[in-house]
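Those protein sequences? They're chains A and B, same order as listed. Sequential numbering from 1 applies to the first sequence in the working numbering. Sequential numbering from 1 applies to the second sequence in the working numbering. Glycine is no exception: its CB is placed at the ideal position from the N, C-alpha and C atoms. Heads up, the thing below is written out as structure tokens.
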Amino acid sequence: MQAQTLDAFQVIADPSRRQMLMMLSKDNMTISSLAENFNISRPAVSKHVKVLYNAGFISIKDIGRERYCTLKQEGFNELQDFIDYFDKFWTNKLKKLETLLNNKTNKK
Amino acid sequence: MAKETKQTWQFKQSPEEVWEYLTKPELMEQWLMKTNFKPVKGYKFQFTFVAKPGSPYAGIVDCEVLEVKPFTRLSYSWNGSTNDGSRTFNSTVVWTLIPKEKGTELQLQHDGFISLDDFTNHNSGWIKCVEKMTDLLNSSSHASSNS
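Here you go:
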């Protein structure tokens with residue numbers, strides 16, 4: 001099964017994946033125990049897990065026969081960086097607007 | 001975790017003067033970006049910019065006017081994309097002008113980065129969740145550094 005690499009926004013656009021992140025925010029879980037909470041096929045669960053892994057939202061550790069999923073900061077950082085980017089963008093633009101308006105007033 | 005950009009600016013000029021700079025393409029270009037904007041609800045327009053070398057953004061923002069209340073409120077959708085098409089985002093920009101004794105208070109809200117919004121609507125506990133996650137991550141990295 002092909003596991004695509006999606007960006008952070010595409011990753012959290014899916015309700016099942018959001019729910020998985022929520023569950024993992026409470027505790028680390030094995031893929032099997034995650035799967036028990038969903039009415040979707042095990043391969044489908046694995047695919048979602050792979051997507052989360054590829055986008056840096058979780059890490060996976062093999063312990064014995066089980067695969068443990070743990071939340072990872074990286075994926076969340078991308079979301080925050082994006083919002084921060086726009087915050088800086090607008091600060092920069094509005095400063096320009098302020099200068100423009102002030103220059104205009106001074107010319108009067 | 002913030003899910004939107006919200007800023008408040010004070011200007012000495014009247015709402016009418018500030019409004020001009022928010023709605024006239026030749027003035028918008030001077031501080032924001034080149035655009036073919038028209039203050040008409042439903043009008044589709046674009047902002048174009050020269051992306052910095054190395055920037056993933058494609059240099060075009062596709063927009064549609066959502067609301068025009070002269071001198072009071074202006075909003076448009078803001079849809080950007082990256083050069084390789086790997087990332088697109090839909091969002092909304094809302095400008096609110098509030099007349100003040102000595103000028104105008106200009107509020108900007110840029111939000112609705114769709115999935116994020118969906119995320120927070122879906123579960124209001126999300127922010128708490130992320131905070132908890134950060135704690136967890138911090139404590140687990142301590143734990144692993146001790147081992």
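| task | Compute the beta-carbon to beta-carbon distance between A/M23 and A/M29, rounded to the nearest angstrom, for a pair I have assumed lies under 8 Å. | result | Counting from one through the first sequence, the residue named residue 23 of chain A turns up at place 23. Counting from one through the first sequence, the residue named residue 29 of chain A turns up at place 29. 6 Å between Cβ atoms; contact.
| task | Using a Cβ cut-off of 9 Å (strictly closer), state whether B/Y21 contacts chain A. | result | By 1-based counting over the second sequence, the position of residue 21 of chain B is 21. True, the Cβ-Cβ gap to chain A drops below 9 Å.
| query | What did DSSP end up calling A/F29 once you bin it into helix, strand or coil? | reply | Along the first sequence, read from residue 1 onward, the residue named residue 29 of chain A stands at position 29. Correcting the residue identity first, residue 29 of chain A is Met in this sequence and not Phe. Correct three-state label for A/M29: strand.
| query | To which residues does DSSP link B/W78 through a beta bridge? | reply | The sequence position of residue 78 of chain B within the second sequence is 78, counting from 1. In DSSP, B/W78 forms a bridge with B/C63, B/S91.
| said: Along the segment 88 to 101 of chain B, where does the CB come closer than 7 Å to a CB of chain A? Name the residues. | reply: F89
| task | Please confirm whether B/L97 and B/R73 have their CB atoms less than 9 Å apart. | result | Along the second sequence, one-based indexing puts residue 97 of chain B at 97. Along the second sequence, one-based indexing puts residue 73 of chain B at 73. Going by C-beta atoms, B/L97 is nearer than 9 Å to B/R73.
| said: Tell me which residues of the segment 43 to 72 of chain A have at least one Cβ-Cβ distance to chain B shorter than 8 Å, keeping chain order. | reply: T70, L71, K72
| What's the C-alpha gap between A/S41 and A/V51? | Along the first sequence, one-based indexing puts residue 41 of chain A at 41. Along the first sequence, one-based indexing puts residue 51 of chain A at 51. Cα-Cα distance, rounded: 16 Å.
| query | Buried or exposed: which applies to B/T8, given that a residue is buried once 16 or more other Cβ atoms fall within 10 Å of its Cβ? | reply | Walking along the second sequence from the start, residue 8 of chain B turns up at place 8. B/T8 is exposed by the Cβ-count criterion.
| field | Residues bridged to B/L97 [DSSP beta-bridge criterion] | value | The residue you call residue 97 of chain B lines up with position 97 of the second sequence. According to DSSP, which records beta bridges pairwise, B/L97 is partnered with B/L106.
| query | How about the segment 18 to 31 of chain B and the segment 93 to 100 of chain A: do they share at least three Cβ pairs that are nearer than 8 Å? | reply | In short, these stretches touch, since the Cβ pair count reaches three.
| field | Partner residues on chain B for A/L34, Cβ-Cβ distance less than 8 Å | value | The count along the first sequence starts at 1 and reaches residue 34 of chain A at position 34. Correct list: empty, because the minimum Cβ distance to chain B is about 16 Å.
| request: List the residues of chain A that B/E4 touches, going by C-beta distances under 8 Å, in chain order. | output: Counting from 1 along the second sequence, the entry for residue 4 of chain B is found at position 4. Under the 8 Å cutoff, chain A gives I83.
| task | Report buried or exposed for A/R65, applying the criterion of at least 16 other Cβ atoms within 10 angstroms of its Cβ. | result | Numbered from 1 along the first sequence, position 65 holds the residue referred to as residue 65 of chain A. It counts as exposed.
| query | Any heavy atom of the ligand SAH closer than 8 Å to the CB of B/S81? | reply | This structure simply doesn't include the ligand SAH, nor any ligand for that matter.
| request: Taking C-beta pairs closer than 8 Å, name the residues in chain A that B/L108 reaches, listed in chain order. | output: Against the second sequence, residue 108 of chain B aligns to sequence position 108. Under the 8 Å cutoff, chain A gives W90, L94.
| request: Quick one: give me the first and last residue of the alpha helix (DSSP H) that B/T23 is part of. | output: Counting from 1 along the second sequence, the entry for residue 23 of chain B is found at position 23. Secondary structure note for B/T23: its alpha helix (DSSP H) is the uninterrupted segment 15 to 23.
| field | Given A/S16 as reference, the closest of A/K47, A/G56, A/K26 once Cα atoms are compared | value | What you label residue 16 of chain A is simply residue 16 of the first sequence in a count that begins at 1. Of the candidates A/K47, A/G56, A/K26, the one whose C-alpha sits nearest the C-alpha of A/S16 is A/K47.
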